[in-house]
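Since the structure comes first, as structure tokens, the remarks are kept for the end.
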Amino acid sequence: STTLRAKLCDWTKREEDRQLWQKTAIAIMESDDEKVRNSNLPLLDMNYYAFPLEFHTQLNRFAAERAMERAEFIIKQTQFKHQPHQHKRSRIGYLSPDFRHHPVGRIIQHVFKAHHRDRVEIYAYALSEAKETDDIYQSIKTGVDHFREMAFAANAEVAKQIYADEIDVLIDLGGYTAYARPE
17 STTLRAKLCD WTKREEDRQL WQKTAIAIME SDDEKVRNSN LPLLDMNYYA
67 FPLEFHTQLN RFAAERAMER AEFIIKQTQF KHQPHQHKRS RIGYLSPDFR
117 HHPVGRIIQH VFKAHHRDRV EIYAYALSEA KETDDIYQSI KTGVDHFREM
167 AFAANAEVAK QIYADEIDVL IDLGGYTAYA RPE
């Protein structure tokens with residue numbers, strides 16, 4: 017596959033792979049089919065190739081617009097009323113597909129330990145599953161006040177859980193990476 021070749025630094029088909037990615041991305045962006053338009057464009061993988069900055073900008077705007085459309089759909093389903101809450105401790109939620117043996121997981125497990133726990137309550141929303149034997153996963157799971165496994169939950173269900181938890185500040189650690197849910 018093109019992605020595997022790029023990750024292995026196999027440049028034997030570099031230009032062919034670049035052209036294939038560009039044609040695929042353009043086809044997705046120009047499609048009239050909503051399912052095709054909602055395909056996950058691997059924005060980070062696109063960085064393996066020398067596309068003009070304008071093309072990267074176009075890809076990112078397209079991905080952000082699709083995420084916003086999905087978010088608007090969720091908003092219509094939920095009808096949340098956002099009101100300030102008075103909790104003894106501020107509630108900080110972290111949303112990530114990488115609460116596992118992954119660079120984000122390795123770093124964030126230490127961030128959780130640095131919070132002033134007398135002032136903040138930490139919620140973690142895991143968007144991908146991890147093996148129970150994963151030591152990073154276990155460290156994160158036991159290092160927060162509330163750990164929510166949401167890998168198989170629909171986006172609206174994740175939003176409803178966050179709302180029910182009355183989160184004051186939500187931090188998305190996934191952005192537009194694999195398995196993230198920016199909406």
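For the sequence shown, the tail end lands on 199 under our numbering, and the numbers increase by one without skipping.
The beta-carbon is built from N, C-alpha and C at its ideal position, and this holds for glycine as well.
Just so it is clear, the structure is predicted and the values come from calculations on it, not from any experiment.
Looking only at its chain, what residues have a beta carbon closer than 8 Å to the beta carbon of residue i, apart from the 5 residues adjacent to it on each side?
| i | result |
| --- | --- |
| residue 62 | 37, 41, 72, 75 |
| residue 137 | 103, 105, 106, 107, 108, 161, 162 |
| residue 28 | 21 |
Output the distance between the C-alpha atoms of residue i and residue j, rounded to the nearest integer angstrom.
| i | j | result |
| --- | --- | --- |
| residue 118 | residue 66 | 26 Å |
| residue 115 | residue 149 | 13 Å |
| residue 186 | residue 147 | 25 Å |
| residue 44 | residue 128 | 39 Å |
| residue 26 | residue 58 | 19 Å |
| residue 157 | residue 198 | 22 Å |
| residue 46 | residue 39 | 10 Å |
| residue 30 | residue 68 | 16 Å |
| residue 141 | residue 91 | 19 Å |
| residue 33 | residue 23 | 12 Å |
| residue 20 | residue 35 | 16 Å |
| residue 135 | residue 184 | 12 Å |
| residue 164 | residue 48 | 36 Å |
| residue 17 | residue 132 | 46 Å |
| residue 86 | residue 64 | 27 Å |
| residue 143 | residue 166 | 5 Å |
| residue 82 | residue 139 | 27 Å |
Thinking C-alpha only, which one of the options is nearest residue i?
| i | options | result |
| --- | --- | --- |
| residue 170 | 47, 132, 89 | 89 |
| residue 195 | 69, 60, 29, 35 | 60 |
| residue 111 | 28, 22, 175, 20 | 175 |
| residue 192 | 84, 164, 101 | 84 |
| residue 168 | 145, 182, 93, 181 | 145 |
| residue 182 | 133, 101, 143, 131 | 101 |
State the beta-bridge partners of residue i as determined by DSSP.
| i | result |
| --- | --- |
| residue 162 | 139 |
| residue 123 | None, per the DSSP bridge assignment. |
| residue 106 | 136 |
| residue 187 | 110 |
Who are the Cβ neighbours of residue i in its own chain at under 7 Å, not counting the five residues just before and after it?
| i | result |
| --- | --- |
| residue 159 | 125, 128, 129 |
| residue 178 | 109, 141, 186 |
| residue 189 | 110, 111, 112, 114, 120, 124 |
Can you find the residues in the same chain that come closer than 6 Å, C-beta to C-beta, to residue i, ignoring five residues on each side of it along the sequence?
| i | result |
| --- | --- |
| residue 172 | 90, 93 |
| residue 70 | none |
| residue 180 | none |
* Are at least three pairs of beta-carbons, each pair with one atom in the region 49–60 and one in the region 77–86, less than 8 Å apart? -> These segments touch.
* Asked: Are the region 115–134 and the region 94–101 touching, with three or more C-beta to C-beta distances below 8 Å?
  -> Contact between the region 115–134 and the region 94–101 is absent, because fewer than three Cβ pairs lie under 8 Å.
* Asked: Using 8 Å as the threshold, is the region 105–115 in touch with the region 137–156, meaning 3 or more CB pairs across them?
  -> Verdict: yes, contact present.
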